[in-house]
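**Student:**
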Amino acid sequence: MRKPVIAGNWKLFKTKNEALALIEELAPLVSGVSNVEIVVAPVFTVLPTLPAALAGTGISLAAQDVFWEEEGAFTGEVSPRMLLDAGASHVIIGHSERRQYFGETEETVNKKVKAALKGALVPIMCIGETLEAREAGDTFKVLERQLRGGLEGLTATQFAPVIIAYEPVWAIGTGKVASDDQAQEAHAFIRSVVTELFGKPAAEKVRILYGGSVKPENAKGLMSRPDIDGALVGGASLKGSSFASIVRYGE
Ligand SMILES: O=C(CO)COP(=O)(O)O
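My numbering applies: residue 17 is where the sequence shown begins, and numbers increase by one.
#1: Less than 8 Å between the CB atoms is what I'm expecting for residue 62 and residue 54, so what's the real figure, rounded?
#2: Among the residues of its own chain, which have a CB less than 6 Å from the CB of residue 132, if the five just before and after it don't count?
#3: Following a CB-centred definition, is residue 234 positioned closer than 7 Å to any heavy atom of ligand 1?
#4: Taking the beta strand (DSSP E) that residue 106 falls in, what are its first and last residues?
#5: With residue 39 as the anchor, note down where its alpha helix (DSSP H) starts and where it stops.
#6: Could you pull the start and end residues of the beta strand (DSSP E) that residue 166 belongs to?
#7: Span of the beta strand (DSSP E) holding residue 53?
#8: When the Cα atoms are used, what is the spatial distance from residue 78 to residue 92?
#9: Since residue 10 is in the alpha helix (DSSP H), which residue starts that stretch and which ends it?
#10: The beta strand (DSSP E) that contains residue 244, what's its start and end?
#11: Do you know offhand how far residue 226's Cα is from residue 88's?
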């Protein structure tokens, strides 16, 4: 059995005090949840503020990006070691917003995934097709390219901690969630590519999260599909009540 992961990507929202207020609201609402892994991903500057507030809540901390070098003359970047130092255990890599606005490519995603693993961080590697690619019938082609590129050079053992997030770009922030069938179809395909790359045991173990307009109303339907092992939530993670409802989708 794969333990589901519900992760909140706060994107470019929440200052320190706003983040602390959100955790104060969220923590009691998810206390006692042990069948789901809960992760929140604030901006870099907020990371070191949260470990004290998260202690004993069972909620893990993720960064939204990472650089692949450990240290050096790389102005503006943050390394895996520094994320660990700030209290993060996970890191989102290759989000479509980074691919779209900040020149992230399969090659940079691959370097970041490898650096995160080497630095003992759990990578949450994001992939997903644009509307254009879906309409052209290229969804699987894009997903396969992003998977093979992002995971290139890893052994099955190295791959083991990786979490994959399928986020169709057309569903992000649009309110247009993928149907349960569309998401399941993509997730099953992703698992089949992981089987080819790393073998069946790795594919059976890997958690594949769905992201794109996940809300309390649609979480349960998505999560009931066999290959959907969690959610990467944007907008609905910014409020304690809605994020907690998604975490408690099964109740
Ligand atoms: O990009 C996302 C999470 O990483 C999804 O964002 P929304 O839930 O706001 O659509």
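The C-beta atom is built at its ideal place from N, Cα and C for all residues, glycine as well.
**Tutor:** Taking the structure as given:
#1: Here residue 62 refers to the residue found at position 46 when the sequence shown is read from its first residue. Here residue 54 refers to the residue found at position 38 when the sequence shown is read from its first residue. With a Cβ gap of about 17 Å, residue 62 and residue 54 do not count as contacting.
#2: Taking the sequence shown and counting its residues from 1, the one referred to as residue 132 is at position 116. Once the five neighbours on either side are set aside, the close Cβ partners of residue 132 are 82, 96, 107, 139.
#3: Locating residue 234 in the sequence shown gives position 218, where the first residue counts as 1. It does not: the Cβ of residue 234 is nowhere closer than 7 Å to a heavy atom of ligand 1.
#4: Looking up residue 106 in the sequence shown gives position 90. Where residue 106 is concerned, the enclosing beta strand (DSSP E) stretches over 106-109.
#5: Within the sequence shown, residue 39 is the residue found at index 23, counting from 1. Run containing residue 39: 32-46, per the alpha helix (DSSP H) assignment.
#6: For the purposes of this step, residue 166 is taken as residue 150 along the sequence shown, with counting starting at 1. Looking at the DSSP string, residue 166 is not in any beta strand (DSSP E); the run it does join, the alpha helix (DSSP H), is 155-166.
#7: Along the sequence shown, one-based indexing puts residue 53 at 37. Start and end: 53-57.
#8: On the sequence shown, residue 78 is found 62 positions in, with the first residue counted as 1. On the sequence shown, residue 92 is found 76 positions in, with the first residue counted as 1. So the alpha carbons of these two residues sit roughly 18 Å apart.
#9: Absent from the structure is residue 10, since the part of the chain shown begins at 17 and ends at 267.
#10: Working through the sequence shown from its first residue, we reach residue 244 at position 228. First-last for residue 244: undefined, no H or E at that position.
#11: Stepping through the sequence shown from its first residue, residue 226 is reached at position 210. Stepping through the sequence shown from its first residue, residue 88 is reached at position 72. Near 35 Å, if we compare the C-alpha coordinates of residue 88 and residue 226.
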